[in-house]
Ligand code: MSP
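Numbering (my numbering), first residue to last: 1 to 701.
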């Protein structure tokens, strides 16, 4: 058993609020961390937020606040949600933290010192509105649909090309383990290049061919925007313009800085020595390449040990496509927490979706799983068993009169082994399936033995003995299941553990789980429902909660909610590949907005309103406080349009508002709705208006 386990999630971009897609990875990591800890392993579980880059800078500009204020706001949303969900991360890293910045600069300087970072110029086709280089000849049409410009940029480059063979060797020899097999093959074929059509190939140590030179050097600095970590000296003095560190190099370094890299303090150095290398990087499949090609290369170049394993899971789909802010199909975790609780979400994600593959989320499937497995399955088994012990034995675990049912004991041994094998192999769904066979077997055993029945042919004594045997056996099976599933449904498991009279499950030693741990004479704790059946309207309640919270601007932090509403997000969302814009990188597709039905559109109550009052909000450069007349009511709306319109020019103007947006507080003022405007490059707003005269309150449909 290793004496430490260091596991990480990706650090999440702060230009989208957390949702159950981002929660998915964090929940899986939490379940792994909890299991490791319960097995007595010194575990360090890291998560956090990725806060630099141009997209964030633009989002902040559109919101009319500084990037720091913007990232503070969204990062704390992540942290608050993780806390509300009871996720047991040991450290929450932010790439804007001073210690992270110092560590990222140290790594950059180290790579530079060792000769792996050099300054060079790149000439390529540049798409100005997306601020990204695009592959192709001069005049190529960029992702914005316009011809590109030829631009020459000076940049620092990392000699990634030198690491092609070393990284191939590491992966082929499984010194760096990549799961699943499909992901490992993808990474290897990227590293090897187009072997089938190559004029020349070479052999890896393992004797497998690759195309030398297929891996190109990587640009690791930007000078076209500011929001990032400055390139440190001495490299900084080589350029006239100020450069910042490429945001993926910055972001990946979090795994080092969070455990002390870059600090001179002895305690930080000891922490780094203890925890690095990471035992497990858990990631979504779209960022495998960053973790399995670039990251190992950076570490090799810096002379640092490599992580042991990268496990990539699939995507959580909603309404047929990957759940993501840019598609606008996110589901907030809060909705599920409010209606069914955190355990329901955890169980669903880990049971329903095969880890490594894509899987769909739906409220319907969530409630079905909840009712069948948690309420009617485990929850009901616990309630009926413990209620009978309460009733027949005054809440004290009886001494089994006969040999305990061998069947269940044997079954449970097999299940303990299966569960461990599946779980430790990231097959959470199969592990849970195995645990639930014990739930079903125990249920079946109870039903078959019917301890509640008074048979005429048995004496009271015999009846009591039978009950004692059956109920203590069932309780023991519940103890085993509970210990196994604790990492996945910790709140419920903790309740059941206490109800079994075993105290605090967090204190329990679950290392050597074997049949027979429940001692006769143990007094049950206070009984209570574990998983009440979901109410009939649970699905509609969750759908309504989502509708009320899913207005586009909600995806941004508070101050951004004043940004104009546009058909597409005012700020381009990060591409689905998870790349930041990288010079010389691949072209980035324009955001494809998901289609909606007419019913979806009908949910947005767009109305004509007239502006009656318009004034600036003190200390908020971009914000105007408006009072608008809808004909049937007057209301206050805060809008981020102060840079585009002088307040006095707006009085009397008829505009379109989203009338059914949930109220929000901004700068202490309540905003009831949102003004509709087009958003031009740089966040400038142009209000939607009418040529004809139009009656107030008219609905747009
Ligand atoms: N900031 C980078 C990661 C840097 S790590 C050094 C990034 N951030 S992200 O906000 O886009 O988060 C991506 C991660 O969130 C995915 O890799 C995955 O772990 C998780 N997910 C986000 N949406 C998800 C789904 N719809 N389904 C599954 N995982 C999801 O990329």
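No residue lacks a Cβ here, since even glycine has one placed at the ideal position from N, Cα and C.
query	result
Which residues DSSP lists as bridging residue 479, in chain order	The partner list for residue 479 (beta bridge, DSSP) is empty, contrary to what the question assumes.
Stretch-stretch touch, CB-based, cutoff 8 Å, three pairs: the stretch 361-376 with the stretch 503-516	no
Residue 351 versus residue 601: straight-line alpha-carbon distance, rounded	33 Å
Below-7 Å beta-carbon distance, residue 478 vs any chain C residue	This model lacks chain C altogether, as it is built from one protein chain only.
Range covered by the beta strand (DSSP E) that runs through residue 624	620-629
Proximity test, residue 53 beta-carbon vs ligand 1 heavy atom, cut-off 6 Å	no
Rounded straight-line distance, which links the Cα of residue 680 to that of residue 47	35 Å
Assigned exposure category for residue 6 - 16 Cβ within 10 Å defines buried	buried
Sub-7 Å separation of residue 710 and residue 223 beta-carbons	The requested residue 710 is not part of the displayed model; the chain covers only 1 to 701.
Residues of its chain near residue 275, where Cβ-Cβ distance is below 7 Å and the 5 sequence neighbours each way are ignored	4, 6, 44, 259
Host alpha helix (DSSP H) of residue 120 (start-end)	Note, residue 120: premise wrong, no alpha helix (DSSP H); beta strand (DSSP E) at 117-127.
Close-in-space but distant-in-sequence residues of the same chain around residue 700 (CB under 8 Å, 5 per side omitted)	606, 607, 608, 656
Inside the stretch 14-52 only - beta strand (DSSP E) runs reaching at least 3 residues	42-50
Cβ pair count under 8 Å reaching 3, the stretch 241-257 against the stretch 322-338	no
Range of the contiguous alpha helix (DSSP H) that encloses residue 636	Element bounds for residue 636: not the alpha helix (DSSP H) but the beta strand (DSSP E), 634-639.
Completely contained alpha helix (DSSP H) runs for the stretch 72-104, where each covers 4 or more residues	none
Residue 166: CB within 6 Å of a non-hydrogen atom of ligand 1	no
Buried/exposed call for residue 262, threshold 16 Cβ in 10 Å	buried
Contacts around residue 513, its chain only, beta-carbon distance under 6 Å, and the 5 residues preceding and following it disregarded	416, 483
Integer Cβ distance of residue 463 from residue 454, believed to fall under 8 Å	6 Å
Alpha helix (DSSP H) runs wholly inside the stretch 174-241, at least 4 long, in chain order	181-192
Residue 283 CB to nearest heavy atom of ligand 1 below 6 Å	yes
Residue 353 in three-state terms, based on DSSP	coil
Residue 541 - containing alpha helix (DSSP H), residue span	538-549
Cutoff 8 Å; reference residue 137; Cβ partners in own chain excluding five residues on either side	125
Exposed unless 16 or more other CB atoms sit within 10 angstroms - verdict on residue 307	buried
Check whether residue 50 and residue 11 have beta carbons under 7 Å apart	yes
Helix, strand or coil at residue 106 [DSSP, three-state]	helix
Residue 236 versus 480, 302, 116, 155, residue with shortest Cα-Cα distance	155
Helix, strand or coil at residue 674 according to DSSP, with G and I counted as helix	strand
Cβ distance (whole Å) where residue 596 is taken to contact residue 653 below 8 Å	Not a contact, Cβ separation roughly 29 Å.
The stretch 57-76 / the stretch 239-253 touching (three or more Cβ pairs under 8 Å)	no
Given residue 409 as reference, the closest of 178, 475, 269, 302 once Cα atoms are compared	475
Per-residue DSSP class, three states only, for residue 664	strand
Residue 690, buried or exposed, once every other Cβ within 10 Å from all chains shown has been counted against 16	exposed
Ligand 1 heavy atom lying under 6 Å from the CB of residue 30	no
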